[in-house]
Amino acid sequence: MTKKPNPRILLAEDEEAMRVYLERALSKAGYDVSSVDRGTEAIPLLESEEFDLLLSDIVMPEMDGIELAQRCAEISPRTKVMFITGFAAVSLRASREQPHAKVLSKPFHLRDLVLEVERVFEEQREASL
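Here full-length UniProt numbering is used: position 46 in the sequence shown is 46, and no number is missing along the way.
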């Protein structure tokens, strides 16, 4: 029996300290994480690789997380989307424009982030049964 590979996460976060912090926590939790500092850098990765989850900040330069999620839905429709944001109004917009995406508001505890990511993958597993 072959072992299923770890779920792959594409992390798009423009704030370097937060990106490093999140990447380290998710990697320690057993996920294969690729990270970029803007949405426009995520697009080529979505086109060339397969990811199980796009974890994106909403407010970023060049392309915001909502636009990135819309492009992700076109390029890689099976990739789940989860947003992180520090802005309540932006969170409401994300919920309206991407109703199936989970929105986690900053500040959050790393344990909460990992639990939410695990929940996304658990829902995905249950849906595929």
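Where a beta carbon is used, it is the ideal one built from N, C-alpha and C, also for glycine.
Just so you know, these numbers come straight off a predicted model, no measurement behind them.
Coil, strand or helix - residue i by DSSP
| i | result |
| --- | --- |
| residue 28 | helix |
| residue 1 | Per-residue confidence for residue 1 stands at a pLDDT of 48, beneath the threshold of 50, marking its modelled position as unreliable; no derived number is given. |
| residue 38 | coil |
Residue range of the alpha helix (DSSP H) that includes residue i
| i | result |
| --- | --- |
| residue 117 | 110 to 128 |
| residue 66 | 65 to 75 |
Assumed close pair residue i, residue j - CB separation to whole angstroms, cut-off 8 Å
| i | j | result |
| --- | --- | --- |
| residue 51 | residue 76 | 7 Å |
| residue 53 | residue 9 | 5 Å |
| residue 123 | residue 104 | Going by Cβ atoms, the distance from residue 123 to residue 104 rounds to 15 Å, so no, they are not a contact pair. |
| residue 39 | residue 12 | 6 Å |
| residue 19 | residue 32 | At roughly 16 Å, the Cβ-Cβ gap does not stay under 8 Å, so residue 19 and residue 32 are not in contact. |
Residue i, enclosing beta strand (DSSP E) - first and last residue
| i | result |
| --- | --- |
| residue 58 | Note, residue 58: premise wrong, no beta strand (DSSP E); not H, not E. |
| residue 85 | 80 to 85 |
| residue 12 | 8 to 12 |
| residue 102 | 102 to 105 |
Own chain, CB closer than 8 Å to residue i, minus 5 neighbours either side, in chain order
| i | result |
| --- | --- |
| residue 15 | 57 |
| residue 25 | 110, 113, 114 |
6 Å Cβ shell around residue i - same chain, five flanking residues per side excluded
| i | result |
| --- | --- |
| residue 136 | Summary: the structure shown does not reach residue 136, with the chain confined to residues 1 through 129, and so no result is reported for it. |
Nonlocal neighbours in the same chain, by C-beta distance under 7 Å from residue i, ignoring five residues either side
| i | result |
| --- | --- |
| residue 106 | 84, 85, 86 |
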